[in-house]
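Visitor:
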Amino acid sequence: RGLLIGVCLTCAVQGLVAAIAYLCLKIPRWYALGVLTGICSLIPILGTAIVWIPITIGLFIQQSYVKTIITIIVGAFGIASIDNLLRPVFF
139 RGLLIGVCLT
149 CAVQGLVAAI
159 AYLCLKIPRW
169 YALGVLTGIC
179 SLIPILGTAI
189 VWIPITIGLF
199 IQQSYVKTII
209 TIIVGAFGIA
219 SIDNLLRPVF
229 F
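Each number in the working numbering comes from the position in the sequence shown (counting from 1) with 138 added on.
Right under this line is the structure:
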């Protein structure tokens, strides 16, 4: 039971952090992308990158280079590291 609660809380925090980042970057449908990021965090290896890498590519295509760099930094170091930081706390 504790494992399930820990996994759900970790997913929720990752989704929340992602949604806040997407909102700050003014990415359309930030709330849906945040939820999707949280759900995808359950997938081993790829996880949240399934969501934030396509967003990064889209921002690059739109020539939003500052937003692209911020998304890479937040995705690779912020959202992805939450799993490593929170999972031991919840278990």
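Every residue gets a Cβ at the ideal spot worked out from N, C-alpha and C, and that includes glycine.
Mapping the DSSP letters down to three states, classify Lys164 as helix, strand or coil.
Guide: Position 26 of the sequence shown, counting from 1, holds the residue named residue 164. Coil at Lys164, not helix or strand.
Visitor: Mapping DSSP to helix, strand and coil, what is Thr186?
Guide: For this step, residue 186 is matched to residue 48 along the sequence shown. Three-state DSSP puts Thr186 in coil, outside helix and strand.
Visitor: On the CB-based measure, 16 or more other CB atoms within 10 Å of its CB, does Leu171 come out buried or exposed?
Guide: To locate residue 171, count along the sequence shown from 1; it is residue 33. Its Cβ being crowded by 16 or more others within 10 Å, Leu171 is buried.
Visitor: By the three-class DSSP mapping on this structure, what secondary structure does Leu142 have?
Guide: Sequence index remark: in the sequence shown, residue 142 carries index 4 (1-based). Of the three classes helix, strand and coil, the one that applies to Leu142 here is helix, per DSSP.
Visitor: Does the contact criterion of 3 or more C-beta pairs under 8 Å hold for the stretch 143-151 versus the stretch 178-187?
Guide: Look at the beta carbons and you see the stretch 143-151 touching the stretch 178-187: at least three pairs across the two are nearer than 8 Å.
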